[in-house]
Amino acid sequence: MAEQNDFQNWEGDKISDFIVETHHAYIRSIIPTLQKNLKEIKENHSSVVKNANEIAATFDELAKALIEHLDGEEKYLFPFVKKMLQARKDGTKIPKPGFGNLDGPLKHHVEDHDHATSLVKKIHTLCNGYSVPANANSVVATVFQEFDKFEKDLEKHIYLENEVLFDKARELEKLTVE
């Protein structure tokens, strides 16, 4: 990912806004489409996709976990990063939050990312590496292509959070939290 080097120079607010506007928006928009198409595959094309029920169940688990995770980031973590960034710009300190320090919440977010990654890997395996079966129709082909795109997007998304944003948040915390 050539663009990853550029993100290292971005402030935490710009990164979190980018994540929400790009990766979170994509996840929120594609989940209903994939769920609808997976339902059709389960009901009408299970002879082509033998493990359609398991794929759909795994994706439903992933979708639920991701939406809860995104909501938590957008409601708590990202606003706190922005608050710390503003304090740094203002040369002020902010009181220690009720959760203590960022170690616990960031560890929880990384664990969520690991869980999501394991579910995506399971889907990847269940879909035979997204190799479209020879006798598949366009719905099956589209779902497999979307899963491939979804996996690649999630990989970039998790990298940005775990390796860029969370590191910046830890540094901001050292500088701005009492």
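116 is the number of the first residue of the sequence shown in my numbering; add one for each residue after it. Where a beta carbon is used, it is the ideal one built from N, C-alpha and C, also for glycine. As the structure is a computational prediction, the values presented were derived from the model and not from experiment.
Report buried or exposed for residue 177, applying the criterion of at least 16 other Cβ atoms within 10 angstroms of its Cβ.
The residue you call residue 177 lines up with position 62 of the sequence shown. Answer is buried; the Cβ neighbour count reaches 16.
Kindly confirm or deny that the stretch 229 to 241 and the stretch 259 to 273 touch, where touching means at least three C-beta pairs closer than 8 Å.
With the cut-off at 8 Å, the stretch 229 to 241 and the stretch 259 to 273 touch.
Need the endpoints of the alpha helix (DSSP H) that residue 212 sits in, please.
Taking the first residue of the sequence shown as 1, we reach residue 212 at position 97. Looking at the DSSP string, residue 212 is not in any alpha helix (DSSP H), and its letter there is neither H nor E.
Euclidean distance between Cα positions of residue 210 and residue 290
What you label residue 210 is simply residue 95 of the sequence shown in a count that begins at 1. What you label residue 290 is simply residue 175 of the sequence shown in a count that begins at 1. Near 12 Å, if we compare the C-alpha coordinates of residue 290 and residue 210.
Please report the straight-line C-alpha distance between residue 214 and residue 220, rounded to a whole angstrom.
In the sequence shown, counting from the first residue as 1, residue 214 sits at position 99. In the sequence shown, counting from the first residue as 1, residue 220 sits at position 105. Going by the C-alpha atoms only, they are around 8 Å apart.
Short check: CB of residue 261 to CB of residue 149, under 8 Å?
The residue given as residue 261 occupies position 146 in the sequence shown. The residue given as residue 149 occupies position 34 in the sequence shown. Yes, these two residues count as a Cβ contact at 8 Å.
Which residues bound the alpha helix (DSSP H) around residue 235?
Working through the sequence shown from its first residue, we reach residue 235 at position 120. Counting along the chain, the unbroken alpha helix (DSSP H) around residue 235 starts and ends at 218 to 241.
Please work out which residues of its chain come closer than 8 Å, Cβ to Cβ, to residue 263, disregarding the five sequence neighbours upstream and downstream, and give them in chain order.
Residue 263 sits at position 148 when you count from the first residue of the sequence shown. Same-chain partners within the cutoff: 245.
Please state the DSSP three-state secondary structure of residue 135.
For the purposes of this step, residue 135 is taken as residue 20 along the sequence shown, with counting starting at 1. Residue 135: helix per DSSP, three-state reduction.
Separation of residue 173 from residue 124, as counted between CA atoms
For the purposes of this step, residue 124 is taken as residue 9 along the sequence shown, with counting starting at 1. For the purposes of this step, residue 173 is taken as residue 58 along the sequence shown, with counting starting at 1. If you take the alpha carbons of residue 124 and residue 173, they lie about 36 Å apart.
Rank 161, 278, 212, 226 by C-alpha distance to the C-alpha of residue 255 and give the top, closest one.
Position 140 of the sequence shown, counted from the first residue, corresponds to residue 255. Closest by alpha carbon: 161.
Roughly how many angstroms lie between the CA atoms of residue 121 and residue 204, to the nearest whole one?
For the purposes of this step, residue 121 is identified with residue 6 of the sequence shown, where counting begins at 1. For the purposes of this step, residue 204 is identified with residue 89 of the sequence shown, where counting begins at 1. Cα-Cα distance, rounded: 21 Å.
Can you check which of these residues, 206, 136, 194, is closest to residue 293 by C-alpha distance?
Indexing the sequence shown from 1 puts residue 293 at position 178. Measuring C-alpha to C-alpha distances from residue 293 to each of 206, 136, 194 identifies 206 as the nearest.
With the cut-off set at 8 Å, would you say residue 142 and residue 192 are in Cβ contact?
Your numbering for residue 142 matches position 27 in the sequence shown. Your numbering for residue 192 matches position 77 in the sequence shown. No, they are not a contact pair.
Kindly identify the DSSP beta-bridge partner or partners of residue 292.
As a position in the sequence shown, residue 292 is number 177, starting the count at 1. 209, per the DSSP bridge assignment.
What are the boundary residues of the alpha helix (DSSP H) that includes residue 150?
In the sequence shown, the residue the question calls residue 150 occupies position 35. Taken as a continuous stretch (DSSP letters only), the alpha helix (DSSP H) holding residue 150 covers 140 to 159.
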